[in-house]
Amino acid sequence: MLIAIFAFGMPANMAGSAALYGAANGLLPIGWIVLNIIFLHRLTTENGSFKVLQDSLTRITDDRRLQLLLIAFCFGAFFEGAAGFGTPVAVTGAILIGLGFSPLAASGLALIANTAPVAFGALGTPIITLAKVTGLDEMELSMMVGRQLPFFSVIVPFWLIWAFAGWRKMLEIWPAILVAGVSFAVPQFLVSNYHGPMLVDVIAALISMASLTGFLRVWKPATVHTSAALSGRVDNSKIAEEHDEQPVASATFASDVKPAVMRAWMPWIILTVFVFAWGTQSFKNMFDTRQAVDPQTSSAKLDPQGKPMREANPIFAPTLTFTTIHQQIEKVPPVVPAAKTEEAVYKFNWFTSTGSGILLAAILGGLLMGYSIPQLIHQYLRTLWVVRYSLITIVAMLALGFLTRYSGLDATMGLAFAATGIFYPLFGTLLGWLGVALTGSDTASNVLFGGLQRVTAEQLGISPVLMAAANSSGGVMGKMVDAQSIVVASTATRWYGHEGEILRYVFFHSIILAILVGGLVTLQAYVVPFSHMVVGGP
């Protein structure tokens, strides 16, 4: 804020208004999503159904490579889509430790697996945030990311098994890896391009899990790989002695295991249904808008084509205009192709927000799990207390992002980055990687650099949708090296104080994969037929 006021000459009241506008967007919809998905996760953990869900995944195969594929990639992607914010690394890391993987293997492999799904994590939060910060269309951004990451959704499973067992052992199970990758990549593309960013990972992960599980019923590897040690690496890592426990792969299940497993999956199935419904435009229009009426004639307003016009519903979608900055800030060439004023109208769509659908799904799931209303309230208050600092962080990051946008900071940096010229698609992608590596969140990276990507792309004549999407797609590869994820991994695997060793293990994988994403973005920017993949492109 001081830079905006003193270096860029932004009036203090306008700077404060921009920060408040960003903070409001941080609370709803973003913070609202995070709070309620963690509430649901807490309900399933407290009543034990989450443990049943974990155990159901470990019964499918004894091969460590296939267990890793199923748990770290498929199951981890599901929780990235449903919760994000470190949840998949914590969950899969803990399960892998229970299966007998070393802390280094469990930590590093969980981090490598948690890449391709990240841009659509936490029910599309990074893409939703990117759209708000850049002013670009949310659906177009979802489509563009959905035309970049599916390639890596196929590559990452192969990369994961190679990192664990080596090239030869990877080739032994290539059919299973291909099934897992393709069955994730295809739904990832379809949902992101034809529905939106909210359910991409959830649906793709469920289909991938089902496809791989079904495939393993009819196909078995020639040799069963039972070693949980990293290939070609001396690994002496051990979990803290006081927490040591036996592997759970051979756990004995009760005769009613199928009903128990169904009950364990029930809350997440309910969540998928609710979020899918909340993501449809017809549902949003039903509550957020109403028939516009001419106050003089009391008749319906019609557009020039004679169709009924709709207006914002003040009950379900009230608006708040930040008059201090609304249409008071103008961006002019060369920052934008043509002069335009920035709007600042906050839409409080409290009911149709994705977070509200999650909350209702959590309440329904909680009641079906046997919670009483007082117990649900108690758990919700506990959840609110647990995520209080995360919510503050989200609010602060969005306030910073909007201040960057309205003060012109992003425009200034964008003009400087435009100097990289023809190489910008690569460097812009690596900027997204750096943003996640520094902030620990694809969402935060999009907030910080999303506007910059748009401005720079427009200066260079590159699609702003392509480069804004590249910020998120490149950022996913930085997820495995950020401090937040590494601390979560070391804590989940009970390998305290070894964060440096985890970082050294995953850094090579992170930077090479990020460069590969940058290579794809460069092809999409300049080379036919890849350029035809760009939304709104030739």
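Residues 1156 to 1693 (my numbering) are what the sequence shown spells out, left to right.
In this text, a Cβ means the ideal position worked out from N, Cα and C, and glycines have one as well.
Keep in mind the model is a prediction, meaning the values are calculated, not measured.
The stretch 1612-1620 contacting the stretch 1645-1665, beta-carbon criterion three pairs below 8 Å: no
Reference Gly1253, options Ala1238, Ala1237, Asp1210, Leu1224, closest by Cα: Asp1210
Alpha-carbon spacing of Ile1158 relative to Ala1173, whole angstroms: 14 Å
Reduced DSSP secondary structure (H/G/I, E/B, other) of Ala1409: Reliability of the predicted coordinates at Ala1409 is poor, the pLDDT of 46 falling under 50, and no value is obtained from them.
C-alpha gap between Ser1297 and Gly1629, whole angstroms: 14 Å
Bridge partners - Pro1463, DSSP secondary structure assignment: Leu1457
Alpha-carbon to alpha-carbon, Leu1539 and Pro1422: 20 Å
Those runs of the alpha helix (DSSP H) which lie wholly inside the stretch 1349-1389 and span at least 4 residues: 1355-1373
Val1373 versus Ser1366: straight-line alpha-carbon distance, rounded: 11 Å
Straight-line Cα distance separating Pro1281 from Pro1272: 11 Å
Length-filtered (3 minimum) beta strand (DSSP E) runs lying within the stretch 1275-1341: none
C-beta atoms of Ala1472 and Asn1504 nearer than 8 Å: yes
Residue from Ala1170, Gly1181, Gly1164 with nearest C-alpha to Tyr1544: Gly1181
Leu1096 and Phe1233 closer than 8 Å at C-beta: Because the chain in this structure spans residues 1156 to 1693, residue 1096 falls outside the shown range and cannot be described.
Between the CA atoms of His1196 and Gly1525 - distance to the nearest angstrom: 15 Å
Cα-Cα separation between Ala1227 and Thr1216, rounded to whole angstroms: 14 Å
Between the CA atoms of Ser1665 and Leu1581 - distance to the nearest angstrom: 15 Å
Through-space distance from Val1207 to Leu1519, alpha-carbon basis: 19 Å
C-alpha gap between Val1542 and Ile1185, whole angstroms: 13 Å
Exposure of Phe1429, with buried meaning 16 or more beta-carbon neighbours within 10 Å: buried
Cβ of Gly1616 within 8 Å of any chain D Cβ: Within the model displayed, chain D is absent; a lone protein chain is all it includes.
Beta-bridge pairing of Tyr1501 - partner residues as DSSP gives them: Leu1475
Whether Ala1274 touches Asp1597 by CB criterion (8 Å): yes
DSSP-derived helix/strand/coil call for Gln1446: strand
Rounded separation between Leu1333 and Pro1376 - CA only: 14 Å
Nearest residue (CA-CA) to Leu1678, options Thr1567, Ala1625, Val1246: Ala1625
Beta-carbon proximity of Asp1637 to Gly1674, cut-off 8 Å: no
Backbone CA spacing between Lys1495 and Gln1303 [nearest angstrom]: 30 Å
Buried or exposed by the 16-neighbour rule on C-beta atoms within 10 Å, applied to Ile1528: exposed
CB contact flag (Val1672, Met1635, <8 Å): no
Proximity below 8 Å, CB of Ile1267 to CB of Ala1318: yes
CB of Leu1278 within 8 Å of CB of Ile1192, strictly: yes
Sequence-distant residues of the same chain with beta carbon closer than 6 Å to Ile1328, five excluded per side: Arg1220, Pro1376
Separation of Val1346 from Val1357, as counted between CA atoms: 10 Å
For Pro1509, the three-state DSSP class (helix, strand or coil): Looking at the sequence itself, residue 1509 is Thr, so the reference to Pro does not match. Correct three-state label for Thr1509: helix.
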